[in-house]
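Take a look at the structure set out below.
There are 2 protein chains.
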Amino acid sequence: VKTVSQEGEDALIRRVCQALPQGGQVLVGPGDDCAVIETGKRTPLTLLKTDAVVEGVHFLPEAAASKVGWKAVARVLSDFAAMGGYGRELLVTLAVSADTPVRWIDGLYRGMQRCAEKFETSIVGGETTSVPIGNSKVISIAGRGEVARRQLVLRSGGRPGDGIFVTGKLGGSLAGRHLTFTPRVAEAAWLTEHFSPTAMMDLSDGLARDLPRLARASACGFEIDQSSVPRHRGCSVENALSDGEDFELLFTLGARSCEKIAEQWPSIFPPLTRVGSLASSGGCLEGGWGHFEEAGP
Amino acid sequence: VKTVSQEGEDALIRRVCQALPQGGQVLVGPGDDCAVIETGKRTPLTLLKTDAVVEGVHFLPEAAASKVGWKAVARVLSDFAAMGGYGRELLVTLAVSADTPVRWIDGLYRGMQRCAEKFETSIVGGETTSVPIGNSKVISIAGRGEVARRQLVLRSGGRPGDGIFVTGKLGGSLAGRHLTFTPRVAEAAWLTEHFSPTAMMDLSDGLARDLPRLARASACGFEIDQSSVPRHRGCSVENALSDGEDFELLFTLGARSCEKIAEQWPSIFPPLTRVGSLASSGGCLEGGWGHFEEAGP
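Protein chains in written order, with this note's numbering: chain Y, 3 to 299; chain E, 3 to 299.
Next comes the structure, spelled out in structure tokens:
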């Protein structure tokens with residue numbers, strides 16, 4: 003019997019989503035950071051996203067509950083930012099066993115609320131359901147975001163010759179940063195206000211895995227200079243490419259904007275680095291994080 | 003250490019949600035079947051809902067994957083119906099272990115898609131994440147729905163003297179109906195088009211548990227005639243009150259509408275039964291399904 007790990011996460015999601023018919027209000031269905039819905043001609047576009055963190059995969063059992071809560075919310079806000087938008091409302095699904103300490107749930111909600119509040123998002127509901135004792139905790143966050151039409155950025159708009167940029171530094175997130183990172187909401191807002199990125203996504207599974215996804219969505223190849231990839235202190239190039247959970251922005255810009263952004267990028271933001279260019283074909287990177295192919299976390 | 007099972011699901015959710023501040027667009031936050039958001043003055047109201055099914059709790063490991071998929075989607079559509087609205091887009095979160103057969107995932111999506119299509123809802127995305135091998139599968143569905151302003155029904159609008167109604171028959175769902183039920187989307191649409199229910203919810207945890215919730219939200223008590231509760235063949239009164247997973251509509255109507263609806267309720271719909279009245283106080287029912295208080299499924 004063929005299993006999920008044998009088919010691989012990307013292939014599986016692509017295949018099951020292929021068959022899904024989309025209604026007329028759906029501008030972007032499965033395959034980007036968020037789905038994009040047109041709910042009215044005069045209102046911002048609606049973004050929809052869901053994302054889960056699992057004990058033993060995305061956080062260790064001994065992680066502070068409030069940090070787990072922060073991470074769960076920050077991941078979703080990062081996805082809205084990756085479309086040029088921001089989160090508005092969130093729903094929380096907790097699947098935990100009956101022997102979970104109430105104190106843990108309280109800490110989790112404290113962390114979720116802290117992150118939601120910082121980015122002006124409301125937690126509007128959710129549910130708590132039981133899993134058998136001994137099972138990992140699952141925290142799933144679904145959210146609605148909004149984006150102004152002219153600020154919407156998909157993964158699919160990149161063209162050969164566009165510069166490839168990343169915010170911040172990469173690698174080593176699992177030492178702790180993955181629980182406390184700041185989603186690049188302000189940076190994405192500034193970027194889409196002042197420039198027109200041709201493609202964008204957030205880096206969750208490592209540049210080595212995510213850049214090929216962006217390139218494929220844009221029907222492009224890519225060329226990168228691995229030594230230019232910005233690294234956190236103590237990280238090798240391989241760490242920067244493969245560790246994952248960086249939650250930095252990866253985006254592309256038309257050639258004429260590439261110099262201009264280097265001059266204008268605000269100094270209060272984390273550094274901006276050009277790591278390469280989209281090409282008409284080719285590009286190979288090894289590494290990155292696959293849910294069903296490696297042991298976690 | 004106090005655990006989730008000791009505090010109880012209702013109390014826990016009430017407490018953690020109390021502290022959540024709500025943004026200006028949020029008309030209804032935690033505590034009803036869905037959250038209600040105002041995204042624009044001229045567009046329908048937005049409904050947000052998330053709901054999970056867990057292997058060993060909401061379905062047995064040997065259940066057909068396509069039925070599990072149908073159930074997961076139908077539960078969410080039932081919640082939109084309970085507000086007077088309908089589902090528009092859904093997001094799917096699968097938390098399954100790497101040894102899950104691909105065939106199972108395919109069956110699940112087939113069932114989800116069949117239900118979504120029947121009720122004109124699009125599955126617009128989602129994600130698949132791994133849980134450790136041996137853990138129960140968790141399928142979480144988040145959705146956006148819409149409701150016309152004048153058709154919105156909350157749990158909180160009931161008044162003493164209002165008649166209490168249920169659609170269909172109750173009890174015995176766990177023998178199989180819980181996997182194949184029809185969400186009362188058509189019935190809710192007709193009802194909110196032709197009448198103005200004062201309060202409504204869907205019956206997921208059994209009348210004995212859900213009616214007190216509706217009454218509490220409306221700051222009312224209730225009186226019911228237990229022998230009038232419509233039962234499926236072979237079910238006792240206790241089954242009808244306590245088994246849960248009926249997914250019928252429970253609603254209240256002002257006294258003047260109670261006779262009228264009995265005359266006008268379409269015969270193609272499942273039967274409509276008045277089971278009692280809201281009162282200014284009092285009302286006691288025993289039984290019903292609590293996630294953290296009983297063994298599943």
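The beta-carbon is built from N, C-alpha and C at its ideal position, and this holds for glycine as well.
Buried or exposed (CB count within 10 angstroms, at least 16 for buried), residue i
| i | result |
| --- | --- |
| His196/E | exposed |
| Glu247/Y | buried |
| Cys286/E | exposed |
| Ala190/E | buried |
| Ser269/Y | exposed |
| Asp227/E | exposed |
| Glu11/E | buried |
| Gln20/Y | exposed |
| Ser230/Y | exposed |
| Arg77/E | buried |
| Ile107/E | buried |
| Ser259/Y | buried |
| Glu225/Y | exposed |
| Gln153/E | buried |
| Asp101/E | exposed |
Contacts around residue i, its chain only, beta-carbon distance under 8 Å, and the 5 residues preceding and following it disregarded
| i | result |
| --- | --- |
| Leu29/E | Val38, Ile39, Glu40 and Leu47 |
| Leu181/E | Phe61, Ala65, Ala66, Lys69, Val70, Trp72 and Lys73 |
| Pro63/E | Glu57 |
| Trp192/Y | Pro268 and Phe271 |
| Ser282/Y | Pro162, Cys222 and Gly223 |
| Arg151/E | Pro46 and Leu47 |
| Gln8/Y | none |
| Gln27/E | Ile39, Glu40 and Thr41 |
Contact belief for residue i with residue j at Cβ below 8 Å, rounded distance in angstroms
| i | j | result |
| --- | --- | --- |
| Arg157/E | Ala221/E | Contact flag wrong, Cβ pair sits at about 11 Å. |
| Ala210/Y | Ser244/Y | 5 Å |
| Thr131/E | Ala54/Y | 5 Å |
| Gly31/E | Gly147/Y | Between Gly147/Y and Gly31/E the Cβ distance is about 17 Å, and since that is not below 8 Å, they are no contact. |
| Thr169/E | Pro272/E | 5 Å |
| Val149/E | Leu49/E | 6 Å |
| Val94/Y | Ile125/Y | 6 Å |
| Val140/Y | Ala97/E | 5 Å |
Own chain residues within Cβ distance below 7 Å of residue i, not counting five before or after
| i | result |
| --- | --- |
| Gly163/E | Ala257, Ser279 and Leu280 |
| Val75/Y | Leu92, Met114, Cys117, Ala118 and Ile143 |
| Leu14/E | Val6 |
| Asp81/Y | Asp35, Cys36, Lys51, Asp53 and Asp204 |
| Leu255/Y | Asp164, Gly165, Phe167, Phe197, Pro199, Thr200 and Ile263 |
Beta-carbon spacing of residue i, residue j below 8 Å
| i | j | result |
| --- | --- | --- |
| Phe167/E | Ser206/E | no |
| Ser99/Y | Val59/Y | no |
| Asp35/Y | Asp204/Y | yes |
| Gly223/Y | Gly145/Y | no |
| Thr45/E | Gly42/Y | yes |
| Arg233/Y | Ala83/Y | no |
| Lys262/E | Pro103/Y | no |
| Met85/Y | Val155/Y | yes |
| Arg276/E | Gly159/E | no |
| Gly236/E | Gly174/E | yes |
Residues of its chain near residue i, where Cβ-Cβ distance is below 6 Å and the 5 sequence neighbours each way are ignored
| i | result |
| --- | --- |
| Ser138/E | Val56, Glu57 and Gly58 |
| Phe253/Y | Phe167, Pro199 and Met202 |
| Ala219/Y | Arg157 and Ser158 |
| Phe121/E | Leu79 and Val187 |
| Gln24/E | Gly31 |
Next item on the list: Taking a Cβ distance cut-off of 7 Å, strictly less, list which residues of the stretch 148-181 of chain Y are near chain E, in chain order.
Entry: none
Notebook entry, point to check: For the stretch 103-115 of chain E, which residues have a CB atom closer than 8 Å to at least one CB atom of chain Y, in sequence order?
Noted result: Pro103, Val104, Arg105, Ile107, Asp108, Tyr111 and Gln115
Check: For the stretch 176-210 of chain E, which residues have a beta carbon sitting closer than 7 Å to at least one beta carbon of chain Y?
Finding: none
Next item on the list: Taking only beta carbons into account, state which residues of the stretch 65-89 of chain Y come closer than 9 Å to chain E, listed in chain order.
Entry: none
Margin query: By the 9 Å beta-carbon criterion, what residues does the stretch 117-138 of chain Y contribute toward chain E?
Written below: Ala118, Glu119, Glu122, Thr123, Ser124, Ile125, Val126, Gly127, Gly128, Glu129, Thr130, Thr131, Ser132, Val133, Pro134, Gly136, Asn137 and Ser138
Next item on the list: With 9 Å as the C-beta to C-beta threshold (strictly closer), list the residues of the stretch 217-235 of chain Y near chain E in chain order.
Entry: none
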